[in-house]
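Visitor: Here it is, the structure in full.
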Amino acid sequence: MRVLGIESSCDETAVAVLEEDSGGGARILSSLVSSQIPLHRQYGGVIPELASRNHSGRLPSLLREALQTAQCDCDQIDAFAATGGPGLVAALLVGHTTGKALALAAGKPFVSVNHLEGHLLSPFLSGHSDTPENGQLPPPHIALIVSGGHSLLLDVEGLGKYRLLGRSRDDAAGEAFDKVARMLDLPYPGGPQIDERAERGDAARFALPRPMLYENNLDFSFSGLKTAVLHLLPRLTPNGDPHELDEQSMCDLCAGVRAAIVDVLVQKAKRALKLSGKKLLSVSGGVSCNAALRDALADVCARRGVALSLPTPELTTDNASMIAFAGMLHARAGQFSSLETPVEPNPQLAGYATRS
Ligand code: KG4
Ligand code: ZN
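Per the numbering used here, the very first residue in the sequence shown carries number 1027; after that it's consecutive.
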């Protein structure tokens, strides 16, 4: 089976072609991402109207190139998958409608994919994992999804069987990185900018809050971090102007922010593992390419005798391979979407609303 996936939920236009191999795994034949980050950077964040116009401009040539690289054409594709949400409606509509139109023209089935499920499944498609062979169904485990829009802890029983354990009550982890970076006048997206400076900083110099760390639940909160940085800046520079920060203070502050976010994520993941007794943790989403987070989780998992599954770095941020992979697993299970399926800005993952 060959599946073509399209991703256009935010500021990356992406197309991928996956092939099921004889052992039931999945092989990436092509995976292209056209990032709009340089375009949105001048505004300090994503402008929805610009995003959708750009998806519409970029998608046809990306489709052509992805098919060429995969050495196939549309009638050799067995199913088409596209992100149906969550995301920016006008941006989602470009990829979703294109996926439906291709399915209709080729007479093949369509799978509308939840972007978060794409992230959740990405560690099982690729690369580093102590888990079963790549390209297989997710085994029962705890999933930590940390993206720009969401921070979630889920108890996964199998494909489509996800129970919500905890979520961010305010900003998502990636959003916290992005907002603090904006306060420091660092370019969008802030995660990689803070991460790079944090490598040269001393995390112990500034004591930043770790909200809800010791509360007896699995929810997160990151908005207090912004406030703490806001109050700290005027004590470090005249008028709180981040441009007046010396290089070392900037790096120390970035290290403090990263350490606070990583600490909260790691402690909550640890608690979820303990409460559930699960022996596997998967971590996905843009923030999961953060090396400090990967190292801290690897350490916790090794000490608890828990396996850790992470996507390869290129599959952490938005991409279409994860969408095609989710589409492939649903297609294998005979789960398809009607061509009437609308996009949803804020859909729930299956079973997502139920808490323990
Ligand atoms: O999953 P993703 O590509 O998009 C969403 O679905 O939201 O995640 C993007 C987020 C951004 O907030 C970005 O700042 C963050 O991932 N990010 C990072 C790093 N690279 C990207 N955060 C921390 N450290 C990084 N190295
Ligand atoms: Zn994403």
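Cβ atoms here follow ideal geometry from the backbone N, Cα and C, with glycine treated the same way.
#1: Can you give the beta carbon distance from Glu1091 to Ala1346, rounded, assuming they're within the 8 Å contact cut?
#2: Can you tell me where the beta strand (DSSP E) with Ile1168 in it begins and where it stops?
#3: Rounded to whole angstroms, how far is the Cβ of Cys1100 from the Cβ of Ala1132, which I believe are closer than 8 Å?
#4: Do Thr1109 and ligand 1 come close, with the Cβ less than 7 Å from some heavy atom?
#5: Keeping to the same chain, check which residues put their C-beta closer than 7 Å to that of Ser1275; ignore five residues upstream and five downstream.
#6: Measuring alpha carbon to alpha carbon, tell me which of Leu1212, Arg1297, Asp1221 and Ala1317 ends up nearest His1269.
#7: How about Asp1204: is its Cβ closer than 7 Å to a heavy atom in ligand 1?
#8: Would you say Val1290 touches ligand 1, meaning its beta carbon is less than 7 Å from a heavy atom?
#9: So, with DSSP's three-state summary, where would you put Leu1259?
#10: DSSP has Glu1143 in a bridge; who is on the other side?
#11: Please name the residue in Leu1291, Ile1073, Gly1227 and Gly1125 whose C-alpha comes closest to that of Val1041.
#12: Which whole runs of the alpha helix (DSSP H) in the stretch 1060-1087 are 4 residues long or more, in chain order?
#13: How about Ala1107 and Gly1353: do their beta carbons lie closer than 8 Å?
#14: What ranges does the beta strand (DSSP E) occupy inside the stretch 1186-1225, keeping only unbroken runs of at least 3 residues that lie completely in it?
#15: Does any heavy atom of ligand 2 sit closer than 7 Å to the C-beta of Ser1173?
#16: Return yes when the C-beta of Asp1344 is under 7 Å from any heavy atom of ligand 2, and no when it is not.
#17: What number of angstroms, rounded off, separates the C-alpha of Thr1342 from the C-alpha of Ser1148?
#18: Jot down the residue ranges of each uninterrupted alpha helix (DSSP H) in the stretch 1274-1350, minimum 4 residues, whole runs only, in chain order.
#19: Would the beta-carbon of Gly1217 be found less than 7 Å away from any heavy atom of ligand 3?
#20: Using DSSP with H/G/I as helix, E/B as strand and the rest coil, what is Phe1232?
#21: Tell me the DSSP bridge mates of Val1137?
#22: Whole angstroms are fine: how far does the CA of Leu1334 sit from the CA of Gly1153?
#23: Mind checking whether the beta-carbon of Gly1121 lies closer than 7 Å to any heavy atom of ligand 2?
#24: Quick check on DSSP: helix, strand or coil for Val1182?
#25: I'd like to check one pair, Ala1359 with Leu1151: are the Cβ atoms closer than 8 Å?
#26: Under 8 Å, with one C-beta from each stretch per pair, do the stretch 1282-1298 and the stretch 1313-1329 reach the 3-pair mark?
#27: According to DSSP, is Leu1244 helix, strand or coil?
#28: Taking Leu1076 as the reference, give the member of Leu1055, Arg1236 and Asp1037 with the closest Cα.
#29: Which stretch, first to last residue, makes up the alpha helix (DSSP H) that contains Gly1121?
#30: Taking the alpha-carbon positions, what's the Phe1248 to Val1283 distance?
Guide: Let me lay it out:
#1: That pair is no contact at about 12 Å.
#2: His1167 to Val1172
#3: With a contact defined as Cβ atoms closer than 8 Å, Cys1100 and Ala1132 qualify at about 5 Å.
#4: no
#5: Leu1262
#6: Leu1212
#7: Yes, ligand 1 has a heavy atom inside 7 Å of this Cβ.
#8: no
#9: helix
#10: Answer is none; Glu1143 lacks a bridge partner.
#11: Gly1125
#12: 1063-1067
#13: Gly1353 is positioned such that its CB atom lies closer than 8 Å to that of Ala1107.
#14: 1187-1193
#15: yes
#16: yes
#17: 8 Å
#18: 1317-1330
#19: As for ligand 3, it is missing from this structure, which binds only ligand 1 and ligand 2.
#20: coil
#21: Ala1107
#22: Low per-residue confidence applies at Gly1153: pLDDT is 49, beneath 50, and the placement is therefore not dependable enough to give any value.
#23: For ligand 2, not one heavy atom lies less than 7 Å from the Cβ of Gly1121.
#24: strand
#25: no
#26: yes
#27: coil
#28: Cα-wise, what sits closest to Leu1076 is Asp1037.
#29: In the DSSP assignment, Gly1121 falls within the unbroken alpha helix (DSSP H) covering Val1115 to Ala1132.
#30: 10 Å
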